[in-house]
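Protein sequences, first through last, are from chains R and V.
Per the numbering used here, numbering of the first sequence is gapless, rising by one per residue and ending at 324.
Per the numbering used here, numbering of the second sequence is gapless, rising by one per residue and ending at 252.
We put the beta carbon where it would ideally sit given N, CA and C, even for glycine.
Computed from a predicted structure; not experimentally measured.
Reviewing the structure listed below.
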Amino acid sequence: MTNKIEFKVGLFIIATVCLIIAAIGYTVYRKGFFERVETYTLASKTGEDLTEGMPVVFSGFTIGTVRTLELSEDGRVLIKIRVPERHVKWIRSDSRFIVSKPFIGSSRIIVLTDNLNSPALLEEEVPEVTKLSDIDETIKKLQPVIEEAKKITANIEKITANLADPNGDVQKILRNSEKITANLSSKESLLEMLIRDEQSVQAIYQTLGKTRDITSHADSILQKVDTMAAKTDEMIYGKEGTLPLVHKILQDLLVKLEKINAALDNVVKISADVSDSTTDIKLLRSEIDLAVNSINDLVKELNQKIPFKSKPEIKLP
Amino acid sequence: MKTFLFLFACSIFIFGCGSQPVPEWKNVSFNNLESYKTNYLNGRVKIAELHFDKAIEEIKKSGDLEILSTAYLTKYAVSVAVLEDFDDGDYLRIESVQQNPGSRTYYNFLKGFFDKVDKGLLPSRYRDVLNAFRDGKEKDMEQAVISIEDPLSKLIAAGLLVRHYKYSEVILKAAADTASVNGWKNAHLAYLEKLQALYEAGKETGKAANIQKKIQLIRN
Numbered sequence: 008m009t010n011k012i013e014f015k016v017g018l019f020i021i022a023t024v025c026l027i028i029a030a031i032g033y034t035v036y037r038k039g040f041f042e043r044v045e046t047y048t049l050a051s052k053t054g055e056d057l058t059e060g061m062p063v064v065f066s067g068f069t070i071g072t073v074r075t076l077e078l079s080e081d082g083r084v085l086i087k088i089r090v091p092e093r094h095v096k097w098i099r100s101d102s103r104f105i106v107s108k109p110f111i112g113s114s115r116i117i118v119l120t121d122n123l124n125s126p127a128l129l130e131e132e133v134p135e136v137t138k139l140s141d142i143d144e145t146i147k148k149l150q151p152v153i154e155e156a157k158k159i160t161a162n163i164e165k166i167t168a169n170l171a172d173p174n175g176d177v178q179k180i181l182r183n184s185e186k187i188t189a190n191l192s193s194k195e196s197l198l199e200m201l202i203r204d205e206q207s208v209q210a211i212y213q214t215l216g217k218t219r220d221i222t223s224h225a226d227s228i229l230q231k232v233d234t235m236a237a238k239t240d241e242m243i244y245g246k247e248g249t250l251p252l253v254h255k256i257l258q259d260l261l262v263k264l265e266k267i268n269a270a271l272d273n274v275v276k277i278s279a280d281v282s283d284s285t286t287d288i289k290l291l292r293s294e295i296d297l298a299v300n301s302i303n304d305l306v307k308e309l310n311q312k313i314p315f316k317s318k319p320e321i322k323l324p
Numbered sequence: 033m034k035t036f037l038f039l040f041a042c043s044i045f046i047f048g049c050g051s052q053p054v055p056e057w058k059n060v061s062f063n064n065l066e067s068y069k070t071n072y073l074n075g076r077v078k079i080a081e082l083h084f085d086k087a088i089e090e091i092k093k094s095g096d097l098e099i100l101s102t103a104y105l106t107k108y109a110v111s112v113a114v115l116e117d118f119d120d121g122d123y124l125r126i127e128s129v130q131q132n133p134g135s136r137t138y139y140n141f142l143k144g145f146f147d148k149v150d151k152g153l154l155p156s157r158y159r160d161v162l163n164a165f166r167d168g169k170e171k172d173m174e175q176a177v178i179s180i181e182d183p184l185s186k187l188i189a190a191g192l193l194v195r196h197y198k199y200s201e202v203i204l205k206a207a208a209d210t211a212s213v214n215g216w217k218n219a220h221l222a223y224l225e226k227l228q229a230l231y232e233a234g235k236e237t238g239k240a241a242n243i244q245k246k247i248q249l250i251r252n
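So, in structure tokens, the structure goes:
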């Protein structure tokens, strides 16, 4: 009876020990303990972001680990990586090794192999690793964009401030336009509106006044001519006669009319210029719109990407 | 230290993962309302109006009338802070559709109906001020207003005190200083003008002239 119990206990202990050994053995086997491990040596200019035990990754899968880090005679950091035999096929002679420090998480060595058919990497070869820091890269890329955005924002603020400023250029232009339109609708003086310079207007009025005087003068002469009908034609057609005088006056008037014509031409030209700049303004406006939209998009993206920002909540002040 | 850092990093990671992305309208309306406040207090009124209109447009996208009324009440509160009147039509239109006790309490507070203010619903920073307003003792009111920490809330309370009670130069100076420190030109000028009027009423012409010069210097 006692023997039977002892036998059973013995059997149980042996079975348990066997099971434990089998479990440990299986785990160790699955972990690749019995597998052959290749050791490769990589070189880096700096040991920054490198730690022993950091993973070596191919296509997102860990295929090995960094075993040791040593400083070589020439000052470079030698990285020994251990890769189990079943993963050796991913490491070829033309593979590139990149130390990546992601935004969140620990750094890793990424293996990039373009051609899997190229010869395997020999253990004596020491390829150089390149460094890639996501944060630095992102910030470097973002920096000029932010600088641009700052400039554009400053400009836009200036423009908006100008728009809002009652003494600003835009408001001035608007007021002037209003005045012109008011003048147009009241039609108080077309000439004044076109020339807008009261002195010139005065000058033109004076000229017209003179013309009127001359006309009345001519009238009086004509009257005199009428009264002196008996006198000879010499009085009218002669060198000093009335007709040459009228002729002279008309010529004078023609010259003056030419001048007014030129002034009118200028006015037309100015209007054309104005319409040209209107298209420019439209273009500028659409460019500003585009810039503002781009900035908006950028801000939206930044807002979404900054993870630890406090939640916006509209509260009573 | 290391453990602390590790736990801190873990907590940030966990909270970071748990947060939902904020809807765009909320983000945009919040930012625009903040811009409205600063621009209005700074005196850039037209730009401020643009921001406010944008904020309202965004909130209307959600159709949330409570937030909409909060936005209008914010506008009224900013007007009170710079000693200006406000047109409460927009808020009353919202209230006729959907009542909200919190908004109503704040509205009563801004309008000076202090007896109708529900103390429990009023933002906690105004409770001491409300008590002092109800008692009506000048020193207590001034003390309660000055002890508010948030600068905008302090100006709102100061604005209410100036509008509804007898006030001294102490509160006007405190409000002007608060506005000055924050660079709120509009508010600063409003309180300086009140201060000038107070000195003129008290026949303190020297002080009044001094303030007048200061106003001229700042304004342009």
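For residue i, which residues does DSSP report across the bridge?
{"i": "Glu-135(R)", "result": "Ala-50(R)"}
{"i": "Arg-89(R)", "result": "Thr-46(R) and Thr-72(R)"}
{"i": "Ser-135(V)", "result": "Looking at the DSSP assignment, Ser-135(V) forms no beta bridge with any residue, so it has no partner."}
{"i": "Arg-115(R)", "result": "Ser-107(R)"}
{"i": "Leu-78(R)", "result": "Val-84(R)"}
{"i": "Ala-127(R)", "result": "Arg-99(R)"}
{"i": "Val-64(R)", "result": "Thr-69(R) and Ile-117(R)"}
I'd like to know whether the C-beta of residue i is nearer than 7 Å to at least one C-beta of chain R.
{"i": "Phe-62(V)", "result": "yes"}
{"i": "Asn-59(V)", "result": "yes"}
{"i": "Ile-250(V)", "result": "no"}
{"i": "Pro-155(V)", "result": "yes"}
{"i": "Thr-237(V)", "result": "no"}
{"i": "Thr-106(V)", "result": "yes"}
Hey, out of the options, whose CA is closest to residue i's CA?
{"i": "Gly-168(V)", "options": "Leu-224(V), Leu-187(V), Gly-144(V) and Lys-186(V)", "result": "Gly-144(V)"}
{"i": "Val-44(R)", "options": "Arg-93(R), Pro-126(R) and Leu-129(R)", "result": "Arg-93(R)"}
{"i": "Thr-137(R)", "options": "Ile-21(R), Ser-102(R) and Glu-80(R)", "result": "Ser-102(R)"}
{"i": "Gly-54(R)", "options": "Glu-42(R), Val-73(R) and Ser-66(R)", "result": "Val-73(R)"}
{"i": "Ala-222(V)", "options": "Ser-179(V), Ala-208(V) and Asp-119(V)", "result": "Ala-208(V)"}
{"i": "Asp-119(V)", "options": "Asn-132(V), Tyr-139(V) and Gln-131(V)", "result": "Tyr-139(V)"}
{"i": "Leu-184(V)", "options": "Glu-116(V), Lys-171(V), Lys-246(V) and Ala-109(V)", "result": "Ala-109(V)"}
{"i": "Thr-118(R)", "options": "Lys-322(R), Ile-105(R), Glu-13(R) and Ile-88(R)", "result": "The question names Thr, but residue 118(R) is Val in the sequence shown. Among Lys-322(R), Ile-105(R), Glu-13(R) and Ile-88(R), the Cα nearest to that of Val-118(R) is on Ile-105(R)."}
{"i": "Leu-57(R)", "options": "Ile-86(R), Glu-155(R), Pro-324(R) and Glu-154(R)", "result": "Ile-86(R)"}
{"i": "Gly-112(R)", "options": "Pro-62(R), Leu-149(R), Gly-82(R) and Glu-154(R)", "result": "Pro-62(R)"}
{"i": "Ser-111(V)", "options": "Ala-189(V), Lys-239(V) and Leu-124(V)", "result": "Ala-189(V)"}
{"i": "Lys-217(V)", "options": "Gly-238(V), Lys-198(V) and Leu-249(V)", "result": "Leu-249(V)"}
{"i": "Gly-134(V)", "options": "Pro-155(V), Ile-79(V), Phe-146(V) and Leu-124(V)", "result": "Pro-155(V)"}
{"i": "Lys-171(V)", "options": "Lys-198(V), Thr-102(V), Gln-131(V) and Lys-148(V)", "result": "Lys-198(V)"}
{"i": "Lys-322(R)", "options": "Asn-74(V), Ser-101(V) and Leu-73(V)", "result": "Ser-101(V)"}
{"i": "Leu-192(V)", "options": "Leu-162(V), Glu-232(V), Gly-234(V) and Leu-97(V)", "result": "Leu-162(V)"}
{"i": "Val-90(R)", "options": "Tyr-47(R), Thr-120(R) and Glu-77(R)", "result": "Tyr-47(R)"}
{"i": "Ala-206(V)", "options": "Lys-235(V), Gly-238(V), Met-173(V) and Gly-234(V)", "result": "Met-173(V)"}
{"i": "Ser-107(R)", "options": "Ala-30(R), Ser-51(R), Trp-97(R) and Pro-324(R)", "result": "Ser-51(R)"}
{"i": "Leu-187(V)", "options": "Leu-82(V), Ser-128(V) and Ala-219(V)", "result": "Ala-219(V)"}
{"i": "Ala-103(V)", "options": "Asn-252(V), Glu-232(V), Leu-153(V) and Phe-62(V)", "result": "Phe-62(V)"}
{"i": "Ile-20(V)", "options": "Asn-71(V), Leu-82(V), Glu-56(V) and Ala-240(V)", "result": "This structure cannot speak to residue 20(V), because chain V is shown only from 33 to 252."}
Under a Cβ-count criterion, where at least 16 other Cβ atoms within 10 Å of its own Cβ denotes burial, should residue i be classed as buried or exposed?
{"i": "Thr-137(V)", "result": "buried"}
{"i": "Phe-68(R)", "result": "exposed"}
{"i": "Phe-141(V)", "result": "buried"}
{"i": "Gly-17(R)", "result": "exposed"}
{"i": "Thr-106(V)", "result": "buried"}
{"i": "Ser-194(V)", "result": "The question names Ser, yet the displayed sequence has Val at residue 194(V). Answer is buried; the Cβ neighbour count reaches 16."}
{"i": "Ala-229(V)", "result": "exposed"}
{"i": "Thr-75(R)", "result": "exposed"}
{"i": "Phe-65(R)", "result": "buried"}
{"i": "Ala-176(V)", "result": "buried"}
{"i": "Phe-14(R)", "result": "exposed"}
{"i": "Ala-87(V)", "result": "buried"}
{"i": "Leu-227(V)", "result": "buried"}
Is residue i close to chain V? Criterion is C-beta to C-beta, closer than 7 Å.
{"i": "Gly-17(R)", "result": "no"}
{"i": "Pro-126(R)", "result": "no"}
{"i": "Pro-134(R)", "result": "no"}
{"i": "Lys-194(R)", "result": "Residue confidence is low: Lys-194(R) scores 46 on pLDDT, short of 50, so the model does not pin down where it sits. Its coordinate-derived value is still stated next. Judged by the 7 Å Cβ criterion, Lys-194(R) is not in contact with chain V."}
Since residue i meets chain V, which of its residues come closer than 7 Å, beta carbon to beta carbon?
{"i": "Ile-321(R)", "result": "Ser-61, Phe-62, Leu-65, Ile-99, Thr-102 and Ala-103"}
{"i": "Lys-318(R)", "result": "Val-54"}
Residue i touches chain R at which residues, Cβ-Cβ below 9 Å?
{"i": "Leu-184(V)", "result": "Pro-324"}
{"i": "Ala-109(V)", "result": "Leu-323 and Pro-324"}
List, in order along the chain, the chain R residues whose C-beta lies closer than 7 Å to that of residue i?
{"i": "Ile-188(V)", "result": "Pro-324"}
> Closer than 7 Å, Cβ to any Cβ of chain C: which residues of the region 131 to 150 of chain V, in chain order?
Replying inline: Looking at the structure shown, chain C is missing, and the protein chains on hand are R and V.
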